[in-house]
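Right, one structure below, let's go through it.
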Amino acid sequence: MTMGSPRPNRAPLALRLVAVLGVVLLVLPLVGLVVRAPWRDMVDTIRTPEVTDALRVSLISSTGALLVCLFFGVPLAYVLARVEFPGRALVRSLVLVPMVLPPVVGGVALLLAFGPRGVLGDELDALGITLPFTTAATVVAASYVALPFLVLALEAGFASVDQRHEEVAATLGGSPWYVFRTVTLPIVRPALISGATLAWARALGEFGATITFAGSIAGVTQTMPLAVYQVLPVSPDAALTLSIVLLVISTTIIVSLRARWLTPLRDRLTT
Amino acid sequence: MRTRNLAVALLAVFVASGVAACGSDNNTSDAGTSSPTTLTVLGASSLTDAFPDTGDAFTQKHPDINFQFSFAGSSELVAQVDSGSPADVLALAGTSSLDALKANTSKPVIFAHNRLAIIVPTGNPADVHGIEDLANPDVKVALAGPDVPAGYYAAEAFKNAGIKVDPVSEEVDVKSVVTRVSVGGADAGVVYVTDAMAAESGVEEVPIPAKFNVVATYPAVVINDSDHADAAQEFVDFLTSDEAQQILNDYGFTSP
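These protein sequence lines are chains A and B, in that order.
Take 1 as the starting number for the first sequence in our numbering and just add one per residue.
Take 1 as the starting number for the second sequence in our numbering and just add one per residue.
See below:
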């Protein structure tokens, strides 16, 4: 059975037409962005502090958020997929709430939990930690909105693992932790990568929770989306340059990983 | 396989530029011999362009004091301070916004005045030539929200001109009004003359005559809970000095 030749096309015409329309609607804003971007001065604009500061803050914020999401998300997804406990459905719904909560509301909620007057305000203060207006706060805000994406993808991954592989490894003498590391994790790698990518992309693009919880301070909490927002009324060129940079990064990551997903396992093993 | 290498290469560029920017960051607080103080200043969004320069001028006189500026609509800033965000100085675009503040502060110091102006997208597509044109129902007007100083000043100006204006959009701060007009989402907007000056492109200014215009009064206060109240008070006092006033005037503010 080859993967090369396309099957005879039985897709209804109406579906194909609407799909094309959908693509046009999605691509048109990107075309607008690319056409209006200040390409001639772009290299100079990228070197200005407005842009480099935003790049740096976004890098720290999104990478930090990804690490936090992996640290909490992998165990959380595993437990939700494998461990039967009362209220599991409720916990699953609660974990997904940040996904549907408007980001600004998420930011307010973070303030009410971790802000100086929040539920944990006194405890954090005793540890000498004040989160708003710090880069750490951008990591917290981005992690909060991105975590559900990782958990969602990974839970599905863990749930679909054929547990017989794990049972075999266990009968051969592997401890649960050893089995998890060497058998389960490699099997869920595609789900892990796609979930981590989504989470990272979500963290990179976060705006509402970040600006509400962390504030918008150039060089400290002003991530790329915040910088676009703050700079647009004054310097549209810098804003458009940042937008193009974001667009290029996002597209590259998505495209490269998409190619990886489409390659069948057999081909990967022989390459 | 090649796309993946390209992706890795681009990601490496991203990381490298981030690391390079890290190295050139001049905000690090571990430089300098005395323990440097960083003042967190919350400023109204119309101060976005001028305030960092006043901060630089102040740091030149007091090298151990650095600044972190955060700009947003005045009502948003009040909400931030009241919900506990750590700020040392609060500078708003209107004294009535200050009244809404529950936190304890020092006595307000008025450090600047501003006036309103109308902005239109480049080319003036709706042919707006005066404040009366904003009452025309065919002209799409963007304003700052009624709880934002630029919003309530605009309402006052409309009252002075005897017109009623129905905005198509009420923005969270005055800079968002500039954005709205410059990207063509509205035919006109009411902002400060300083914002019209600061916009590099995309908008043109239509002046509002003095008989209708409103004087915006900018107060600055020190938050009493601040850990750096003394340095904060020095900065607030500095704002009324000749040097700071010159900087503010350069951006279009007038002296109180």
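All C-beta atoms in this analysis are idealised placements derived from N, C-alpha and C, irrespective of residue type, glycine included.
In this text, all values refer to a predicted model and were calculated from it rather than measured experimentally.
Check                                                                                                                                                                      : Outcome
For A196 (chain B), which residues of its own chain have a beta-carbon under 6 Å away from its beta-carbon, when the five flanking residues on both sides are left out?    : A117, I119 and E205
Check whether the Cβ atoms of L232 (chain A) and S61 (chain A) lie closer than 9 Å to each other.                                                                          : no
What residues match up with E170 (chain B) in a beta bridge as DSSP calls it?                                                                                              : B:L143
Between A:L198, A:E50 and A:R181, which lies nearest to T251 (chain A) when the distance is taken from Cα to Cα?                                                           : A:L198
Taking 8 Å as the cut-off, does the stretch 152-170 of chain A touch the stretch 95-107 of chain B (at least 3 CB pairs, one atom from each stretch)?                      : no
Checking contacts by CB at 9 Å: is T122 (chain B) closer than that to chain A?                                                                                             : no
Using only alpha-carbon positions, find the residue among B:T254, B:I247 and B:G252 that is nearest to T54 (chain B).                                                      : B:I247
Helix, strand or coil for H228 (chain B) per DSSP?                                                                                                                         : coil
In chain order, which beta strand (DSSP E) runs of at least 3 residues are fully inside the stretch 150-232 of chain A?                                                    : none
Where does I247 (chain B) sit, in a helix, a strand or coil, going by DSSP?                                                                                                : helix
Please list the partners that D49 (chain B) has in chain A, where partner means a Cβ-to-Cβ separation under 9 Å.                                                           : V234
Does the stretch 39-56 of chain A come close enough to the stretch 220-237 of chain A that 3 or more CB-CB pairs lie under 8 Å?                                            : yes
Since P149 (chain B) and A216 (chain B) are thought to touch, with beta carbons under 8 Å apart, how far apart are those beta carbons, to the nearest angstrom?            : 6 Å
Let me know the secondary structure DSSP gives G123 (chain B) once reduced to three states.                                                                                : coil
Can you give me the Cβ contacts of T194 (chain B) inside the same chain, cut-off strictly under 8 Å, excluding the 5 residues immediately before and after it?             : S46, D49, A50, N114, Y251, G252 and F253
Near T59 (chain B), what residues of its chain come up, given a Cβ to Cβ distance below 8 Å and the 5 sequence neighbours on each side ignored?                            : I65, N66 and F67
Tell me, please, whether the CB atom of T138 (chain A) is closer than 9 Å to any CB atom in chain B?                                                                       : no
To test your reading of the DSSP string, which unbroken beta strand (DSSP E) runs of 3 or more residues are found completely within the stretch 46-131 of chain B?         : 65-72, 89-91 and 109-121
So with CB distances below 7 Å, who are the chain A contacts of V178 (chain B)?                                                                                            : P233
Would you kindly report the start and end of the unbroken beta strand (DSSP E) that includes E84 (chain A)?                                                                : Looking at the DSSP string, E84 (chain A) is not in any beta strand (DSSP E), and its letter there is neither H nor E.
Taking 9 Å as the CB-CB limit, is T40 (chain B) close to chain A?                                                                                                          : yes
Rounded to a whole number of angstroms, what is the C-alpha to C-alpha distance between K211 (chain B) and A157 (chain B)?                                                 : 9 Å
Going by DSSP, which residues form a beta bridge with I223 (chain B)?                                                                                                      : B:T105
Can you give me the start and stop residues for the beta strand (DSSP E) that P207 (chain B) sits inside?                                                                  : V203 to P207
Terminal residues of the continuous beta strand (DSSP E) containing L39 (chain B)?                                                                                         : T37 to A44
Hey, would you say L66 (chain A) sits closer than 9 Å to L247 (chain A), going by beta carbons?                                                                            : no
Residues of the stretch 61-86 of chain B with a CB closer than 8 Å to any CB of chain A: list them in chain order, please.                                                 : Q68, F69, S70, F71, A72, Q80, S83, G84, S85 and P86
Give the straight-line distance between the Cα atoms of T96 (chain B) and D147 (chain B), rounded to the nearest whole angstrom.                                           : Sequence check: residue 96 (chain B) is Ser here, not Thr. Using only the alpha carbons, I get a separation of about 10 Å.
By DSSP, does T138 (chain A) sit in helix, in strand, or in coil?                                                                                                          : helix
R117 (chain A) versus chain B: which residues are under 7 Å apart at the beta carbon?                                                                                      : S83 and G84
Given a cut-off of 9 Å on the beta-carbon distance, is the pair G275 (chain A) and S143 (chain A) in contact?                                                              : Missing from the structure shown is residue 275 (chain A); chain A here goes from 1 to 271 and no further.
Check distances from the C-beta atoms of the stretch 187-206 of chain B to those of chain A and list, in chain order, the residues that come in under 8 Å.                 : D195, A198, A199, E200, S201 and G202
When the Cα atoms are used, what is the spatial distance from A93 (chain B) to P186 (chain A)?                                                                             : 57 Å
So, for G219 (chain A): in the same chain, excluding its five sequence neighbours on each side, which residues have a beta-carbon less than 8 Å away from its beta-carbon? : P49, D53, R56 and V57
Quick one: what does DSSP say T45 (chain A) is sitting in, helix, strand or coil?                                                                                          : helix
Please tell me whether T40 (chain B) and S74 (chain B) are closer than 9 Å, where the distance is taken between their beta carbons.                                        : no
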